[in-house]
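In UniProt numbering, the protein residues as written are 1 to 211.
Structural data, given as structure tokens:
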């Protein structure tokens with residue numbers, strides 16, 4: 001059964017928040033209750049959701065696209081690759097050499113226990129175009145600091161990861177766990193996820209090889 005974008009949104013809302021009333025669904029989607037009647041009727045007839053009087057709508061799970069369900073089950077931890085790291089004392093040139101030798105587009109700054117930032121191929125290209133001397137330039141002058149870094153957690157769905165890559169227009173993001181040491185947050189690096197990982201997952205599922 002092929003669902004519209006709104007029907008998919010309603011399904012997600014009911015699955016994550018059910019039982020939930022029609023008025024509450026409408027409020028989350030910023031539409032009127034009457035505007036949802038047709039969509040709710042489709043989802044009810046397809047036995048994707050059900051409704052009980054005084055209780056609201058709840059999720060059944062039937063009728064959903066099997067491919068979408070399978071992709072949603074895939075987590076960052078299952079699909080991530082090994083990350084490339086340089087210390088905070090490195091130069092921009094050191095990062096550029098690592099990107100070239102490893103044939104990757106992103107390198108992380110710091111240690112495995114605490115990532116301080118991220119540098120992409122684009123960042124290094126901008127610095128080079130500015131006629132900067134990459135050998136004498138500290139990596140800190142090029143990197144995006146961890147306070148602004150977009151990341152995924154190991155248990156995060158690959159659908160959410162793909163959405164972040166698109167929304168923030170980035171090619172790669174780190175997979176991290178946040179730990180506290182004497183009240184200070186540390187970003188422990190578990191792996192990395194890029195558009196290549198998304199493509200690899202798509203190919204595996206398309207060939208029916210599972211995960």
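We treat Cβ as the ideally placed atom computed from N, Cα and C, and that holds for glycine.
These numbers come from a predicted model, not from an experiment.
The alpha helix (DSSP H) that contains residue i, what's its start and end?
i           : result
residue 204 : 195-206
residue 4   : Taken as a continuous stretch (DSSP letters only), residue 4 belongs to no alpha helix (DSSP H), as it is neither H nor E.
residue 101 : 92-102
residue 109 : Taken as a continuous stretch (DSSP letters only), residue 109 belongs to no alpha helix (DSSP H), being part of the beta strand (DSSP E) at 106-110.
residue 22  : 22-29
residue 41  : 37-45
residue 152 : Neither: residue 152 is in no alpha helix (DSSP H) and is coded neither H nor E.
residue 77  : 76-79
CB-CB under 7 Å to residue i, same chain, minus the five flanking residues each way: which ones, in chain order?
i          : result
residue 71 : 158, 159, 205
residue 9  : 29
residue 7  : 39, 42, 43
residue 98 : 84, 86, 107
What first and last residue would you give for the beta strand (DSSP E) that runs through residue i?
i           : result
residue 120 : 115-120
residue 181 : 172-181
residue 162 : Where residue 162 is concerned, there is no enclosing beta strand (DSSP E), although the alpha helix (DSSP H) it sits in stretches over 158-167.
Just tell me which of the options has its CA closest to the CA of residue i.
i           : options         : result
residue 186 : 177, 152, 162   : 177
residue 139 : 161, 148, 127   : 127
residue 163 : 57, 189, 76     : 76
residue 133 : 96, 56, 196     : 96
residue 155 : 79, 105, 16     : 79
residue 104 : 182, 21, 173, 5 : 173
residue 190 : 4, 50, 153      : 153
For residue i versus residue j, is the C-beta spacing smaller than 7 Å?
i           : j           : result
residue 88  : residue 94  : no
residue 56  : residue 19  : yes
residue 102 : residue 90  : no
residue 207 : residue 171 : no
residue 113 : residue 41  : no
residue 50  : residue 60  : yes
residue 161 : residue 193 : yes
Apart from the five residues on each side of it in sequence, which residues of its chain come closer than 6 Å, Cβ to Cβ, to residue i?
i          : result
residue 36 : 26
Leaving out the 5 sequence neighbours to the left and right, which residues in its chain are closer than 8 Å to residue i when beta-carbon positions are compared?
i           : result
residue 24  : 17, 56
residue 123 : 142, 143, 144
**Request:** Report yes or no: do the region 115-125 and the region 142-151 share at least 3 C-beta pairs separated by less than 8 Å?
**Result:** Touching, yes.
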